[in-house]
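K.L.:
Would you mind keeping the following structure in view while I ask a few things?
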Amino acid sequence: MQPSMLEEIVQNPNPYPIVSEVQLPEVWQLCQQARDLAWDPAKIDYSDLAKADLPDEVRRAGAEWWSLRAWMEHGATPYGAERYREAVASHQPFEVKQHIVNFIAEELRHHEASFRVAGAIGGNVADYEPTPRADYFQTIIPKFHDEKDEKSMSFFGGLAVNTLFEQLSGELLQARYENARFESIREACKLILRDEARHIQFGRIVMRRFFSELSTDEKAMLGAKVSKKLRGSLLNGVYAVVNLPEDERKRSSRNRALAAEYGLGATHPDQEMGIIKAALDKIREDVAPWNVPIPAIPEVDGVQKAAA
Ligand SMILES: [Fe+2]
Ligand SMILES: [Fe+2]
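Here it is, written out as structure tokens:
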């Protein structure tokens, strides 16, 4: 039967040939590590948070903060699904597809650990927030990964750009781990960081293997995408609060500061920009051998100038 003009035709990618021979042994090694190091967010004991002596406003601030973290982790999953689809369509080797599937599952468990922490901190006064209260968040979070941007890069170029952000968020999470004074939060952060280290390692392998083949134009575009994404979404309340609308910036900063003060695995807003600046400098150093220029980001690069 011919599909009618009004029916939506689903464009499934042609999966053939399906490559099963390992071409990137280092990636396969990461896949095996992922199997050995799997963990279950439901098995972490969050009762220390329920029992803690915390003022109500701190519980509310902590639940809000960990809800934000949960949404952020979830934001990586639609991105991963698109990359999996592309990996099938472009007949990538088995281990690349396996890594992407692991990535999706791991980001989902980071999401789960985060919403469990949010619920436990909230106790009787607050809960995990399934929907952001502020409208701008509802629009910003789905923009973490703009498919138009992703599709303008080559498959491995795009994967490498994502890794640069995983490095940045990893540095922030490290500081949040160090801030945490509750065993359950420390455990969750530690396990998430261990997964993130593998995601970052994947990006390093990809860079080593594929960056030398990129044209100068594509390198310039990759760098520009990094700046754009950082400014356009991640400084708007996700990595830092700097680009939020004024009133929301004040409210959000105060809550983050409260969560940090009580050791709930948060960073003080004053601390965040310094961490991002240091991480961005490190990223610039990492990509320098391949001549990928990351344009100046005034909100971030201005910090050092102001301090000098
Ligand atoms: Fe994650
Ligand atoms: Fe990740």
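Heads up: the sequence shown runs through residues 1 to 308, numbered per this note's numbering. Glycine included, every Cβ here is placed at the ideal spot set by N, Cα and C. The structure displayed is predicted, hence computed values, not measured ones.
Considering Cα atoms alone, identify which of Trp-71, Lys-97 and Ala-70 is closest to Phe-202.
P.N.:
Ranking Trp-71, Lys-97 and Ala-70 by Cα distance to Phe-202 puts Lys-97 first.
K.L.:
Decide if the region 213 to 230 is in contact with the region 181 to 199; the criterion is three or more beta carbon pairs, one per stretch, under 8 Å apart.
P.N.:
The region 213 to 230, when compared against the region 181 to 199, does not touch it at the 8 Å Cβ threshold.
K.L.:
Alpha carbon to alpha carbon, what distance is there between Asn-102 and Glu-95?
P.N.:
Near 10 Å, if we compare the C-alpha coordinates of Asn-102 and Glu-95.
K.L.:
Please name the residue, chosen from Pro-269, Val-238, Val-292 and Leu-235, that lies closest to Lys-250 on a Cα-to-Cα basis.
P.N.:
The residue with the shortest Cα to Cα distance from Lys-250 is Pro-269.
K.L.:
Regarding His-110 and ligand 1, is the C-beta to nearest heavy atom distance less than 7 Å?
P.N.:
Yes, Cβ of His-110 sits closer than 7 Å to a heavy atom of ligand 1.
K.L.:
Would the beta-carbon of Glu-95 be found less than 7 Å away from any heavy atom of ligand 1?
P.N.:
False, no ligand heavy atom lies under 7 Å from that Cβ.
K.L.:
If you follow the alpha helix (DSSP H) that Met-72 is in, where does it begin and where does it stop?
P.N.:
Residues 56 to 89.
K.L.:
In its own chain, which residues sit with a C-beta less than 6 Å from the C-beta of Leu-258, not counting the 5 before and 5 after it?
P.N.:
These residues qualify, in order along the chain: Val-58 and Ala-61.
K.L.:
Candidates Trp-65, Leu-172 and Ala-188: which alpha carbon is nearest Glu-129's?
P.N.:
Answer by Cα proximity: Trp-65.
K.L.:
What are the complete alpha helix (DSSP H) segments, minimum 4 residues, inside the region 181 to 211?
P.N.:
You should have 183 to 210.
K.L.:
Whose C-alpha, out of Tyr-177, Val-161, Asp-56 and Ala-89, is nearest the C-alpha of Phe-211?
P.N.:
Selected option, being the one with the closest Cα: Val-161.
K.L.:
Hey, would you say the C-beta of Ser-187 is under 7 Å away from at least one heavy atom of ligand 1?
P.N.:
Position check: residue 187 holds Glu in this sequence, whereas Ser was assumed. Glu-187 Cβ: outside cutoff for every heavy atom of ligand 1.
K.L.:
Any residue with its Cβ nearer than 5 Å to a heavy atom of ligand 2 should be included. What is that list in chain order?
P.N.:
For ligand 2, the selected residues are Glu-166, Glu-196 and His-199.
K.L.:
Ligand 1 heavy atoms versus the CB of Ile-192: any closer than 7 Å?
P.N.:
Ile-192: yes, Cβ under 7 Å from ligand 1.
K.L.:
In whole angstroms, give me the CA-to-CA distance for Lys-51 and Val-125.
P.N.:
When rounded, the distance between both Cα atoms is 13 Å.
K.L.:
Would you say His-110 and Cys-31 are within 8 Å of each other, going by their C-beta atoms?
P.N.:
It is not a contact, given that the beta carbons lie outside the stated cut-off.
K.L.:
Go through its chain and collect everything with a Cβ distance to Thr-267's Cβ below 8 Å, but skip five positions before and after it.
P.N.:
Leu-172, Ala-175, Arg-176, Asn-179, Arg-256, Ala-260 and Ile-275, listed in sequence order.
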